[in-house]
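Protein chains: 2
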Amino acid sequence: MEPEAGSYRSAGVDIDAAEAAKDEIAQRVAATHNVSVLRGVGHFGGFFRAPKSDGEVVLVSSADSVGTKVLVAALAGHHYPIGIDLVHHSVNDILACGARPLFFLDYYATPRLDPDALREIIRGMTDACEEAGCALIGGETAQLPGIYQPDTYDLAGFVVGAVEEARIVDGSRIQAGDVVIGIPSVGLHTNGYSLARSVLGLDGTPERAKAILTEPLDVFAGVALMHVLLIPHRSYLPEIVPLLDLDILKGMAHITGGGIAGNVGRIIPDGLLAEFDLNTWEPHPIFGLIQQRGSITGDEMYKVFNMGLGYVVVVSPPDVDRALDEIEDGRIVGRIINTSDEAKVRFVRNEDGWAAS
Amino acid sequence: MEPEAGSYRSAGVDIDAAEAAKDEIAQRVAATHNVSVLRGVGHFGGFFRAPKSDGEVVLVSSADSVGTKVLVAALAGHHYPIGIDLVHHSVNDILACGARPLFFLDYYATPRLDPDALREIIRGMTDACEEAGCALIGGETAQLPGIYQPDTYDLAGFVVGAVEEARIVDGSRIQAGDVVIGIPSVGLHTNGYSLARSVLGLDGTPERAKAILTEPLDVFAGVALMHVLLIPHRSYLPEIVPLLDLDILKGMAHITGGGIAGNVGRIIPDGLLAEFDLNTWEPHPIFGLIQQRGSITGDEMYKVFNMGLGYVVVVSPPDVDRALDEIEDGRIVGRIINTSDEAKVRFVRNEDGWAAS
Chain S
1 MEPEAGSYRS AGVDIDAAEA AKDEIAQRVA ATHNVSVLRG VGHFGGFFRA PKSDGEVVLV
61 SSADSVGTKV LVAALAGHHY PIGIDLVHHS VNDILACGAR PLFFLDYYAT PRLDPDALRE
121 IIRGMTDACE EAGCALIGGE TAQLPGIYQP DTYDLAGFVV GAVEEARIVD GSRIQAGDVV
181 IGIPSVGLHT NGYSLARSVL GLDGTPERAK AILTEPLDVF AGVALMHVLL IPHRSYLPEI
241 VPLLDLDILK GMAHITGGGI AGNVGRIIPD GLLAEFDLNT WEPHPIFGLI QQRGSITGDE
301 MYKVFNMGLG YVVVVSPPDV DRALDEIEDG RIVGRIINTS DEAKVRFVRN EDGWAAS
Chain B
1 MEPEAGSYRS AGVDIDAAEA AKDEIAQRVA ATHNVSVLRG VGHFGGFFRA PKSDGEVVLV
61 SSADSVGTKV LVAALAGHHY PIGIDLVHHS VNDILACGAR PLFFLDYYAT PRLDPDALRE
121 IIRGMTDACE EAGCALIGGE TAQLPGIYQP DTYDLAGFVV GAVEEARIVD GSRIQAGDVV
181 IGIPSVGLHT NGYSLARSVL GLDGTPERAK AILTEPLDVF AGVALMHVLL IPHRSYLPEI
241 VPLLDLDILK GMAHITGGGI AGNVGRIIPD GLLAEFDLNT WEPHPIFGLI QQRGSITGDE
301 MYKVFNMGLG YVVVVSPPDV DRALDEIEDG RIVGRIINTS DEAKVRFVRN EDGWAAS
């Protein structure tokens, strides 16, 4: 079957094939687990009870990469943002479980080492680690001719954080009437770059791609596409840590691959639905540009991209004001309602905004 | 400057370029460290004090990949060994610090997902994790068109283990007169595949490579090269754990990239030298085949490959018998002597073997 034009699959990413292998993988993986593994809680990270801490401290870990954003960085010759991306993405993931980062390791692989690019990436990673109070304690740099395309690289990261077992945030306490607060993204972050590159014409010759990347665009007030595409993934640690201290967060989602529905859906208990009002926030213009250039449906856009929300928290109505006090650019974007449907997330457009609902 | 024929660089791996970036990286990385990081000990892993364990438990972590061995697996269509390789390599690394594995995460990236290959890799990883008592608690599967060559993939792993701070094994207690025990490797393990593939003619067309891989070879008693090249990396956990319990290990080295000298050198204190007697062990015939086909010098071979020793431990003379009781195929391969040289490792050939020295 031919993939439909403009879909993520036609850009070379086969999400269904990945899903197909998941069931068997889940079974095999479960067989390796022991009493130290907390199952079924950590959708944004893996949970393991720290040894000799009487089960009080749980280590939360996550592995991730920056994806094909590195190809934009390679074309632009700016690698510093990629290092930041990797750390912020990883830290946000475990943060969504209530964990604060402890340490980080990276894996950098390339067909032929470019020491300047590596230095820039390390600068980005170490700046982001310092800011997050996260120690970079290891990593591997591999030169692997034959696996990678010329002039490319891949960068993966591995973060370990900690949370007291009683303070794990997993969405299980969410109930009808709770309020969904969204925090804006600053662009694509690190997801959807395969589709974005395809529809923006960046997957052709390097010459043509560079011309497209460096052209100032009216939609960005004269800023070149390159700079918009390389804005580093935002870290939500500064906003969320004070809220962890207040212990008012019932659920959190880091909006990455799978978009708002894919990620928020992971924390909503059965019988409940998170209803988002699309009138409550304005996505960055990069999303409109991609949608228009690629003639992509709204459904597909919301499945692939963060569409303007990088992080979502769920709180009880009495805690909304305290939460918004800490999140300068946070806003109410939705609410939790009862449902008999299987869908965990729904998008609506309330003409009068949330105040009226 | 043209790289010399038959060197690792001419096979596409530039070790000097990697070294050049190391100094700045080390400085930047050190800036991210805090009091929880134990510096200067973990040559085979990163050390971080577990939170709320009064500093007693230290988490030891390592990031690594299988390297271009995956290209041999892809040609052969056998991916199960690669999953084992990744886990065994990683577990051996932290084991060399005295740590036992707790949990593992993987990063699998490919241009287009092959669910069958992924299943085989997961089977290998989960079998190895179960055997090691190590929980596979997370991972990332990324489809990254444009970064990877067609029909390839990369597989990286992150392991976290634990050791009591007082039981960290780092070589610092090694002294003159101590005995070096070697444990055989079962082949190349996961290092030197770029050079091996080049000299064995596996980097040409897939058709030619497959013909070379499937031809039975006399030197392997009729076994095809493919099977020898895909023997999984040996885990030394079964032999070493009983010796950790006995607390008689003064130093350990996992022999990976950099060979015996590069890895044993990391644990030998200043003023001391590990002298290896090459007459005390017989490398697997794969090494002779590679050396002969590539006209590679002995120096280069020992710099790139494990040359028959996959793991090395250093003990005091009175503990040698107890150590050898646990290591069925271990043998005395060297001794620690005083030196005024900078070199930490020296190779000799004692005509009468070690008994006479």
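Protein sequences appear in the order of chains S and B.
The C-terminal position of the first sequence is numbered 357 in the numbering used here, with every residue numbered one higher than the one before it.
The C-terminal position of the second sequence is numbered 357 in the numbering used here, with every residue numbered one higher than the one before it.
Beta carbons are placed, not taken as given, at the ideal position from N, Cα and C, and that holds for glycine.
Query                                                                                                                                                                : Result
Could you pull the DSSP bridge partners for S:S61 from this structure?                                                                                               : S:G46 and S:V160
Helix, strand or coil for B:A343 per DSSP?                                                                                                                           : coil
Taking Cβ-Cβ distances shorter than 8 Å, what residues in chain S pair up with B:G146?                                                                               : G12, T68, L71, Q149, T152, S194, R197 and D203
Using CA coordinates, which residue listed in S:P269, S:E130 and S:L225 is at the minimum distance from S:S340?                                                      : S:P269
Spatial neighbours of B:E164 within its chain, please: CB distance less than 8 Å, with the 5 preceding and 5 following residues excluded, ordered by chain position. : E56, V57 and V58
Please list the partners that S:V57 has in chain C, where partner means a Cβ-to-Cβ separation under 9 Å.                                                             : Among the protein chains of the structure shown, namely S and B, there is no chain C.
Three Cβ pairs or more, each shorter than 8 Å: is that satisfied between the region 191-199 of chain S and the region 139-148 of chain B?                            : yes
Using a Cβ-Cβ cutoff of 9 Å, what residues of the region 92-120 of chain S are near chain B? List them in chain order.                                               : L102, F103, F104, L105, D106, Y107, A109, P111, R112, L113, D114, P115, D116, L118 and R119
Starting from S:N34, find everything on chain B with Cβ-Cβ shorter than 8 Å and list it in chain order.                                                              : G133 and A135
I'd like the list of long-range same chain contacts for B:K210, defined as Cβ closer than 7 Å, with 5 residues on each side in sequence excluded.                    : L75
On the three-state DSSP scale, how would you describe B:E140?                                                                                                        : strand
Run the CB neighbour count on B:Q27, radius 10 Å, all protein chains shown included, and call it buried at 16 or more, exposed below.                                : exposed
How many angstroms separate the CA atom of S:I183 from the CA atom of S:V345?                                                                                        : 17 Å
Is B:V163 near the ligand SAM, with its Cβ less than 7 Å from a heavy atom?                                                                                          : Absence of the ligand SAM is noted for the structure shown, with no ligands found whatsoever.
Considering B:G259, what are the terminal residues of the alpha helix (DSSP H) in which it resides?                                                                  : G259 to V264
Could you check how far apart the C-beta atoms of S:V159 and S:S62 are, in whole angstroms? I think they sit under 8 Å.                                              : 6 Å
Relative to the C-alpha of B:D93, which residue among B:F47, B:H79 and B:D114 is closest?                                                                            : B:F47
Between B:I336 and B:V180, which are expected to be in contact by the criterion C-beta below 8 Å, what is the C-beta distance as a whole number of angstroms?        : 7 Å
Would you report the Cα separation of S:N350 and S:E215, rounded to the nearest angstrom?                                                                            : 37 Å
Give a yes or no on whether 8 Å exceeds the smallest Cβ distance from S:V304 to chain B.                                                                             : no
With DSSP as the reference, label S:D319 as helix, strand or coil.                                                                                                   : helix
Give the residues of chain S in contact with B:D64, contact being defined as C-beta atoms less than 7 Å apart.                                                       : E140
Could you list which residues in chain S have their beta carbon closer than 7 Å to that of B:I122, in chain order?                                                   : I25 and R28
Which two residues bound the contiguous beta strand (DSSP E) that contains S:L230?                                                                                   : Neither: S:L230 is in no beta strand (DSSP E) and is coded neither H nor E.
Check the C-beta distance from B:D154 over to S:A109 and give it rounded, since I have them as a contact under 8 Å.                                                  : 6 Å
Terminal residues of the continuous alpha helix (DSSP H) containing S:P101?                                                                                          : From DSSP, S:P101 is part of no alpha helix (DSSP H) but of the beta strand (DSSP E) over R100 to T110.
Just by C-beta distance, which residues in the region 279-296 of chain S are closer than 7 Å to chain B?                                                             : none
Along chain B, in chain order, which residues have C-beta atoms closer than 8 Å to that of S:A31?                                                                    : T126 and E130
Using the beta-carbon of each residue, which ones in chain B are nearer than 8 Å to S:F47?                                                                           : I137
Report buried or exposed for S:T126, applying the criterion of at least 16 other Cβ atoms within 10 angstroms of its Cβ.                                             : buried
B:E225 and B:L237 look like a contact to me (Cβ under 8 Å); what is the Cβ gap, rounded to whole Å?                                                                  : The displayed chain sequence assigns Leu, not Glu, to residue 225 of chain B. In fact, because the Cβ distance is near 28 Å, the residues do not count as touching under 8 Å.
If you count every other CB in all the chains shown that lies within 10 Å of the CB of B:T297, and 16 or more means buried, which is it?                             : exposed
Nearest to B:P283 by CA position, among B:E300, B:G171, B:G308 and B:N263, is which residue?                                                                         : B:G308
Taking 8 Å as the threshold (beta carbon to beta carbon), is S:V160 in contact with chain B?                                                                         : yes
Should S:S340 be flagged as near chain B, meaning a C-beta pair shorter than 8 Å?                                                                                    : no
Using a Cβ-Cβ cut-off of 8 Å (strictly less than) and excluding sequence neighbours within five positions of B:G222, which residues of its own chain qualify?        : P216
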